[in-house]
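In the numbering used here, the protein residues as written are 5 to 410. Data block below; observations after.
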Amino acid sequence: MPFSKLGLTRPILQGVQAMGYKDPTPIQLRAIPPALEGRDVIASAQTGTGKTAAFGLPALQKLGAHGRCRCLILEPTRELAMQVETSIRDFARFTNIRVASIFGGVGYGAQRTALREGLDIVVATPGRLEDHLQQGTLQLRDIEILVLDEVDRMLDVGFLPPMRRIIAKCPKDRQTLFFSATLPPEIAELATFALREPVRIEIGASTSVVSTVKHGIYTVEPTRKFDMLLALLTATDYQSVIIFSRTKHGADKIAKKLRANNHSVAVLHANRSQNQRIEALQGFKSGKYEVMVATDIAARGIDVAGVSHVINYDIPQHPEDYVHRIGRTGRALQTGDAFTLITPDEGKKLAAIERFIGQKIARLKLEGFQVPPNGEAPLRPQPKKLEPRLDGRNRFGRQKNFRRRR
Ligand code: AMP
């Protein structure tokens, strides 16, 4: 079914056309008609499936001519808030609807000015939104459409309590569109609080990896991980690649070493200033940097066209993060490759991921690299042998039987 049959008006359809979208994705097909009717919607859809248009297009159409802030979209991270703002602005280019994003880490000045001048749609992270509410620079009494996006991520980062407070401040007589990949009890409870007789939509299991991505595992000794990463980058014909590190410090270290090896690298993690994060993401999107090293902050929902490869330098801590990281490539049915480096003692984590996604990941070998015996089978670290000290001191250098006097 084409977009024109979904009940969207001409300026919205023109916006869709200008984006180059031909046919609606499954989540758009199923969410747009009930959302246009004013129904509440609760949807779980795989990452990168076109969620933003699924809530953005009906919201734009229903708002009509601009006025006070009538649509609030809550996002868990600053990057997502900016990205959703950009998409909505693009969809809205043939309307006079005004949109801005509001998030922490930057000054209040520009946000206050935008709010004072009048906005129809605010895309916000909960923390900064509450600041504006307290300062009286924004009110929620005119909200007609409330979008709660990536709610499971909100739970991860501890945003459920502020979200609840924000929802309670919106008028009861509103439409709520609720998106969450999974529905653990806390989120199901929030959904009951936020929604009224919602239409339920489930697009694919949240455990499924994007089908257009080929993925594989390389087993490597911990001390040779960086060498393998370099060799992989050399052996791979990539357009742009995201490398995931478990820690912020690790991400910085990888980036530094890659730069020393003449790679152009952006870094994205929570310890960087907002301006640095914006520069990294924009530079990566524009092609200034061909490699982006990131922590899981970048794994959810960040949409960068043409990411040809994802490399998990560190295996994800939670199996669901694997799905989100891998979802950075192969978006909108483009193909991509995803590689994961694992060390011999990470067999259990790998097994958990394979159980979660319900498929076995191909074991790959890189020419010139020796793998430990038995592939990824766990190698037990040998216990360190303690040499007896001959000087009568214990391992802290104290005389044996030494007692500190009270
Ligand atoms: P989202 O899940 O909203 O982040 O969208 C993922 C990617 O798919 C973005 O690059 C969108 O621009 C793109 N996209 C969304 N809907 C469509 C569509 N109907 N046709 C083609 N691309 C789309």
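Ideal Cβ placement from N, Cα and C applies to all residues, glycine included.
Does any residue of chain C bring its CB to less than 8 Å from the CB of residue i?
i, result
"ALA47", "Checking the listed chains, one finds no chain C in this structure; it contains a single protein chain."
Take the Cβ of residue i as the centre, count every other Cβ of all protein chains shown within 10 Å, and call the residue buried at 16 or more, exposed below.
i, result
"ALA381", "Summary for ALA381: the model assigns pLDDT 38, below 50, so the residue's position carries little reliability; its value from the coordinates is reported in the next sentence. The residue is exposed, with fewer than 16 neighbouring Cβ atoms inside 10 Å."
"PHE59", "buried"
"GLY331", "buried"
"PRO385", "Reliability of the predicted coordinates at PRO385 is poor, the pLDDT of 39 falling under 50, and the value obtained from them is presented with this limitation in mind. It is exposed - the Cβ of PRO385 has fewer than 16 other Cβ atoms within 10 Å."
"LYS353", "buried"
"ARG359", "exposed"
"THR196", "exposed"
"SER8", "exposed"
"ALA355", "exposed"
"GLU440", "Any property of residue 440 remains undetermined from this structure, which presents the chain solely from 5 to 410."
"GLU79", "buried"
"MET5", "exposed"
"GLN321", "exposed"
"PRO28", "buried"
"MET86", "buried"
"ASP177", "exposed"
"ALA57", "buried"
"ARG157", "buried"
"PRO189", "exposed"
"PRO226", "exposed"
"ALA22", "exposed"
"PRO348", "buried"
"GLU121", "exposed"
"GLN139", "exposed"
"ARG72", "exposed"
Would you grab the beta carbon distance between residue i and residue j for me? Rounded to a whole angstrom, and I think it's under 8 Å.
i, j, result
"LYS2", "ILE149", "In the structure as shown, the chain begins at 5 and stops at 410. Residue 2 is therefore absent and cannot be evaluated."
"TYR317", "LYS173", "That belief does not hold up - the Cβ atoms of TYR317 and LYS173 are roughly 42 Å apart, past 8 Å."
"THR129", "THR81", "7 Å"
"PRO323", "ILE357", "5 Å"
"LEU187", "SER48", "7 Å"
"PHE248", "ARG367", "So it is not a contact: roughly 19 Å between Cβ atoms."
"LEU40", "GLY11", "5 Å"
"ILE207", "THR53", "6 Å"
"ILE205", "ILE31", "7 Å"
"ALA259", "VAL297", "5 Å"
With C-beta atoms as the reference, is residue i less than 8 Å away from residue j?
i, j, result
"VAL269", "VAL295", "yes"
"LEU237", "HIS267", "yes"
"THR299", "ILE319", "no"
"VAL412", "ILE246", "Residue 412 lies beyond the stretch modelled for the chain, which goes from 5 to 410, so this question has no answer here."
"VAL203", "VAL45", "yes"
"LEU370", "ALA239", "yes"
"ARG102", "GLY19", "no"
"HIS219", "ILE365", "yes"
"LEU152", "THR180", "yes"
"LEU194", "LEU144", "no"
"ASP131", "GLN278", "Reading off the sequence shown, one finds Gly at residue 131, where the question assumed Asp. No, Cβ-Cβ distance for GLY131 and GLN278 is not below 8 Å."
"GLU134", "PRO165", "no"
"ALA198", "ILE171", "yes"
"ARG281", "GLU83", "yes"
"ARG74", "ILE147", "yes"
"ILE106", "LEU64", "no"
"MET232", "TYR222", "yes"
"VAL126", "ALA104", "yes"
"PHE95", "LEU61", "yes"
"GLY351", "ALA235", "no"
"PHE141", "LEU119", "The question names Phe, but residue 141 is Thr in the sequence shown. Their beta carbons are under 8 Å apart, which means THR141 touches LEU119 by this criterion."
"SER244", "PHE288", "yes"
What does residue i pair with, by DSSP beta-bridge criteria?
i, result
"GLN269", "The sequence shown places Val at residue 269, rather than the Gln named in the question. VAL295."
"VAL126", "LEU76, ALA104"
"LYS218", "ASP341"
"LEU119", "Paired residues: none, contrary to the question."
"VAL203", "VAL45"
"ILE346", "THR223"
"ALA366", "GLY220"
"VAL245", "VAL295, HIS313"
"ILE149", "CYS75, GLN179"
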